[in-house]
Amino acid sequence: MTESAPHSDEVMPGGRTLSRRAMLGAGLGIVGQALLGADTGRRPAEGAAAPADEASLYAEAKKEGKVVWWTAHYQLDAAEAVRDAFVAKYPGIEVQFIRQTAQVIYQRLTQNLKAGVRELDVFASTDEAHYTALKKQGVLAAYRPLGLGNLPQAFQNVDPDGAYHVGALGLVIINYHTKLTIPPQKWTDLLDPRWKDQITVGHPGFSGYVGNWVVAMWDKFGWDYFTKLAKNNPKIGRSINDTVTDIVSGERLVGAGSDGTSLDSKSRGNPVDIQFPADDAILIVSPVAVLKDAPHPNAARLLESFYYTKEYSLAMSKTSNYTLRADVPAPSGVPIDRVKWYRNKVERLEKGVPEAIAKWRETFGV
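Start counting the sequence shown at 713; every next residue gets the next number (the working numbering).
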């Protein structure tokens, strides 16, 4: 199997970027504090009540001046669109953010927690199991964001204690090159020898989307699915978004990709599209949470509440991602409640993703 070059899109103030190695190392020391303005001396009052209305919360957040946000929810341009929409709605609050794969930002956060470094306000991963682990550690702030009722009822209370909430919805689907192939109709079609050397996938050790997909395929078809897939020599990247790069370039023709990244690339005129598999798209419920020791607690709560505004869903639609509000149409033209999808239970992800990563490395050698 082929591993692609590392995919890196960490964004810092002023457009600076960090390599993955530097990013992880920074989590343990002065580099991370200097770049993101970590405040290791001031501890916000735990359990302090947040203002109950938007105007009061904004006023308190504006005093703090900035919010630090790490996200794996969507591609880089979507994260930038969210930042820009937030700043336009709430002038005077700077958004410092990193966009990276889920396992990378989670590793950085766990390093910081062990070292006592407090630099992060809002954590947005695509692996729901990260949140149950963080909740058990007592590091998440229970909070009911303003506007949460704008979510579809099924997604309003993913955590009964309010430690984390839905921040993004997406699907793992089959993506394909529109000019060079007719797409497979099912996940099991990818096992056909005709697709040898033509498939691209991400890596569960980096991507929360890919980890979800691997667990789902394992449960639906058994691990033999991946044993057979390995015989077709898929190209293995890191982020699920790497599949779009491979398909657009013509290096590979089909993949297990993200609906949002694929549709965003299509909207730019690239020869890529999506196929909803007959044997289920994989629904990715990506939570968002405020850290209990957030250096900017009110700005953090304001950003989390922003997820449920119309402006946030418009930013999602603009970048071809599923919206959280029914009053902003789905970019695919197919509302998520009309898609035939399969969702992993969070209890399964807690054990399943680490096991899947180990089995993946054994099967594919990467």
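Ideal placement from N, C-alpha and C gives every residue a C-beta, glycine not left out.
Taking C-alpha atoms, which residue in the options lies nearest to residue i?
i, options, result
"Lys947", "Trp935, Asp909 and Leu788", "Asp909"
"Lys1004", "Glu831, Arg1037, Ser1029 and Pro1047", "Glu831"
"Val807", "Ala797, Phe918, Gly1045 and Thr939", "Ala797"
"Pro857", "Ser1017, Asn982 and Gly882", "Ser1017"
"Leu881", "Ile994, Asp765 and Thr1021", "Ile994"
"Asn924", "Gly969, Asp904 and Tyr1019", "Gly969"
"Tyr1052", "Tyr818, Asp904 and Asp992", "Going by the sequence as given, residue 1052 is Lys instead of Tyr. The option with the nearest alpha carbon to Lys1052 is Asp992."
"Ile911", "Gln897, Ile886 and Ser998", "Ile886"
"Ala790", "Ala845, Phe918 and Ser1025", "Ser1025"
"Ser919", "Arg980, Gln819 and Gly804", "Gln819"
"Asp839", "Gly949, Val1002 and Val1065", "Val1065"
"Glu766", "Val922, Leu903, Arg1013 and Arg980", "Arg1013"
Start and end of the alpha helix (DSSP H) containing residue i?
i, result
"Thr955", "Asp954 to Ser961"
"Lys1030", "Lys1022 to Lys1030"
"Thr1035", "Counting along the chain, Thr1035 falls outside any alpha helix (DSSP H), and DSSP gives it neither H nor E."
"Trp930", "Gly920 to Phe933"
"Trp1072", "Val1058 to Phe1076"
Tell me the DSSP secondary structure of residue i in three-state form.
i, result
"Pro946", "coil"
"Phe809", "strand"
"Ser970", "strand"
"Gly737", "Reliability of the predicted coordinates at Gly737 is poor, the pLDDT of 40 falling under 50, and the value obtained from them is presented with this limitation in mind. The answer is helix: DSSP assigns Gly737 an H, G or I state."
"Val1040", "coil"
"Val1051", "coil"
"Val1046", "coil"
"Thr714", "Caution applies to Thr714, whose pLDDT of 39 falls short of 50 and renders its modelled position unreliable; the value that the coordinates give is listed next. Thr714 falls in the strand class under three-state DSSP."
"Asp985", "strand"
"Thr783", "strand"
"Leu975", "helix"
"Ser951", "coil"
Which residues bound the beta strand (DSSP E) around residue i?
i, result
"Lys1079", "Look at the range of the chain in this structure, 713 to 1078, and you will see that residue 1079 is not part of it."
"Thr900", "Here Thr900 belongs to no beta strand (DSSP E), and DSSP marks it neither H nor E."
"Ile911", "Ile911 to Val913"
Can at least three beta-carbon pairs, one atom from the segment 933-945 and one from the segment 823-833, be found at a separation below 8 angstroms?
-> no
Three or more C-beta pairs below 8 angstroms linking the segment 961-968 and the segment 860-874 = no
Can you list the beta strand (DSSP E) stretches of 3 or more residues lying completely in the segment 797-868, in chain order?
-> 806-811 and 834-836
Note down, one range per segment and in chain order, each beta strand (DSSP E) of at least 3 residues found wholly within the segment 865-891.
-> 877-889
Which parts of the segment 991-1015 are runs of the beta strand (DSSP E), unbroken and 3 residues or longer, counting only runs that do not cross its ends?
-> 993-1002
Take every Cβ of the segment 1032-1051, pair it with every Cβ of the segment 888-902, and state whether three or more of those distances are shorter than 8 angstroms.
-> no
The segment 771-790 contacting the segment 830-848, beta-carbon criterion three pairs below 8 angstroms | yes
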